[in-house]
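Start counting the sequence shown at 24; every next residue gets the next number (my numbering). Glycine included, each C-beta is placed from N, C-alpha and C at the ideal position.
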Amino acid sequence: MSAQLDIRQLAVSYGKRQVIRALDVSALHAGEVAALLGPNGSGKSTLLRALAGLQPCRGEVLLGGRPMSPRRGEVAYLPQTLPPAVHLTVFESLMVAGQATASGLARRHGDEQVFRLLQTLGIEQLALRHLDQLSGGQRQLVGIAQALIREPSLLLLDEPLSALDLNYQFHVMDLLRRETRQRQMVTVIVLHDLNAALRHCDRALMLKDGELLANGRPAEVIDDASLSAVYGVRGRVERCSQGVAHVLVDGLHA
Ligand SMILES: Nc1ncnc2c1ncn2[C@@H]1O[C@H](COP(=O)(O)OP(=O)(O)OP(=O)(O)O)[C@@H](O)[C@H]1O
Ligand SMILES: [Mg+2]
Numbered sequence: 024m025s026a027q028l029d030i031r032q033l034a035v036s037y038g039k040r041q042v043i044r045a046l047d048v049s050a051l052h053a054g055e056v057a058a059l060l061g062p063n064g065s066g067k068s069t070l071l072r073a074l075a076g077l078q079p080c081r082g083e084v085l086l087g088g089r090p091m092s093p094r095r096g097e098v099a100y101l102p103q104t105l106p107p108a109v110h111l112t113v114f115e116s117l118m119v120a121g122q123a124t125a126s127g128l129a130r131r132h133g134d135e136q137v138f139r140l141l142q143t144l145g146i147e148q149l150a151l152r153h154l155d156q157l158s159g160g161q162r163q164l165v166g167i168a169q170a171l172i173r174e175p176s177l178l179l180l181d182e183p184l185s186a187l188d189l190n191y192q193f194h195v196m197d198l199l200r201r202e203t204r205q206r207q208m209v210t211v212i213v214l215h216d217l218n219a220a221l222r223h224c225d226r227a228l229m230l231k232d233g234e235l236l237a238n239g240r241p242a243e244v245i246d247d248a249s250l251s252a253v254y255g256v257r258g259r260v261e262r263c264s265q266g267v268a269h270v271l272v273d274g275l276h277a
């Protein structure tokens, strides 16, 4: 069955403060990468945690038409702030992460499969290094590998590019799009880099104050009007000489 994701009337509160209000998102398709965009504090991480089953919420989250259960191992989630590193090697940490797979069975991943994933991410040289001795960007790349080795139907990544250099930012987005298609999973990525959303994503969801303001193709969602309404900037979206859309910011609204 297709892993299409539907969100119905999702609401999240912290105490008395409602942060996500009756949010509906229909048909995030299997094989597609959706960018979750919006200003600081708009509710992106809260929404992702709710989808991962880590945040109490009201409403429904349906994956392939049935209520999603994170316990079935269908979801892999990379938090915005990485948890404290344990004293395991990168390789060992991936073997542990690979125990829980989408099938819900404790399947052991072979050494070769783990090594191949590290190679795909371009970090095979880190295999025997300890997690607590890596740089911020290296840890973020390992976090992405740990999410991918779980073979989820729904992959949730909260600002996975924030510590990466230009080369890895492009490489990771390119890889995520390919893997998402190949594995027919639904991938939702929180991004502040609108240019990455324009270039690498199939869909863009724009949140403001916990409400979904736009949902469509990135080039339809990211325009002068939404830059102004959502981010409060005076900006333009222009195509470069290679025909790729880019956001340019000219200033802020007074
Ligand atoms: N544990 C918490 N308790 C109370 N309020 C919280 C908690 N976590 C987040 N909030 C509040 O909920 C709102 C949404 O926060 P959230 O972290 O989801 O935003 P975000 O869109 O991910 O922002 P950023 O781009 O800065 O990461 C903010 O106003 C924030 O202050
Ligand atoms: Mg956040």
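beta-carbon residue i near ligand 1 non-hydrogen atom, thresh 7 angstroms
{"i": "Val267", "result": "no"}
{"i": "Ser249", "result": "no"}
{"i": "Val42", "result": "yes"}
{"i": "Lys39", "result": "no"}
{"i": "Val63", "result": "A quick correction: the sequence has Asn, not Val, at residue 63. Yes, the beta carbon of Asn63 sits closer than 7 angstroms to at least one heavy atom of ligand 1."}
{"i": "Ser36", "result": "no"}
{"i": "Gln103", "result": "yes"}
Residue environment, residue i, which counts as buried when at least 16 other CB atoms sit within 10 Å
{"i": "Glu83", "result": "exposed"}
{"i": "Gly127", "result": "Its pLDDT being 46, under 50, Gly127 is placed unreliably by the model, and the measurement read from it follows with that caveat. Exposed, by the Cβ-count rule."}
{"i": "Val35", "result": "buried"}
{"i": "Gly166", "result": "buried"}
{"i": "Val272", "result": "exposed"}
{"i": "Gln169", "result": "buried"}
{"i": "Glu243", "result": "exposed"}
Check whether residue i and residue j have beta carbons under 8 angstroms apart
{"i": "Val267", "j": "Arg206", "result": "no"}
{"i": "Gly66", "j": "Gly239", "result": "no"}
{"i": "His276", "j": "Ser251", "result": "yes"}
{"i": "Ile172", "j": "Ala108", "result": "no"}
{"i": "Gln163", "j": "Leu144", "result": "no"}
{"i": "Val209", "j": "Ala53", "result": "yes"}
{"i": "Pro62", "j": "Val253", "result": "yes"}
{"i": "Gln27", "j": "Ala50", "result": "yes"}
Residue i Cβ short of 7 angstroms to ligand 2 heavy atom set
{"i": "Val213", "result": "yes"}
{"i": "Ser49", "result": "no"}
Cβ distance (whole Å) where residue i is taken to contact residue j below 8 angstroms
{"i": "Glu182", "j": "Gln103", "result": "5 angstroms"}
{"i": "Arg204", "j": "Ala57", "result": "The Cβ separation is near 13 angstroms, so there is no contact."}
Short CB-CB distance (under 8 angstroms) between residue i and chain C
{"i": "Gly76", "result": "No chain C is part of this structure, which consists of one protein chain only."}
May I ask you to verify whether the stretch 173-181 touches the stretch 97-113, counting CB pairs closer than 8 angstroms and requiring at least 3? yes
Is it true that the stretch 31-41 meets the stretch 192-209, where meeting means three or more beta-carbon pairs spaced less than 8 angstroms apart? The stretch 192-209 and the stretch 31-41 do not touch, with fewer than three beta-carbon pairs separated by less than 8 angstroms.
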